[in-house]
Amino acid sequence: MRFTRITVNPDQMSGVPCIRGLRIPVATVVGMFAEAMQPDDILAAYPDLEPQDLYEALRYAAQAVQERELPLLSA
């Protein structure tokens, strides 16, 4: 999968994946979705973001989870 809006720069944000070279980590955007924020609310909180950035962040996170196993606790 190709990502055109996700950047990783070791000299910025300690190499954390960010949106388009901005200091907005992918994890921040995904976390906002996880907190049930709506896309318009996320865009209002981060005016430099574009709608396409949000969906690419979600696609990136989905791909990252597929790449490794995450520990889960039994209920």
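Last residue of the sequence shown: 243 (the working numbering), numbering continuous.
Each residue gets a CB set at the ideal place from its N, CA and C atoms; glycine is no exception.
All figures in this text were calculated on a predicted structure; none of them were measured in a lab.
| Asked | Found |
| --- | --- |
| Terminal residues of the alpha helix (DSSP H) in which residue 228 lies | 219–234 |
| Residue range of the alpha helix (DSSP H) that includes residue 202 | 194–202 |
| Separation of residue 183 from residue 163, as counted between CA atoms | Only positions 169 to 243 of the chain appear in this structure, which leaves residue 163 out of reach. |
| Neighbour-count burial assignment, residue 134, 16 or more Cβ in a 10 Å radius | Examination of residue 134 is not possible in this model, given that the chain is present from 169 through 243 alone. |
| CB contact flag (residue 187, residue 173, <8 Å) | yes |
| Residue range of the alpha helix (DSSP H) that includes residue 216 | That residue, residue 216, is in no alpha helix (DSSP H); it is neither H nor E in DSSP. |
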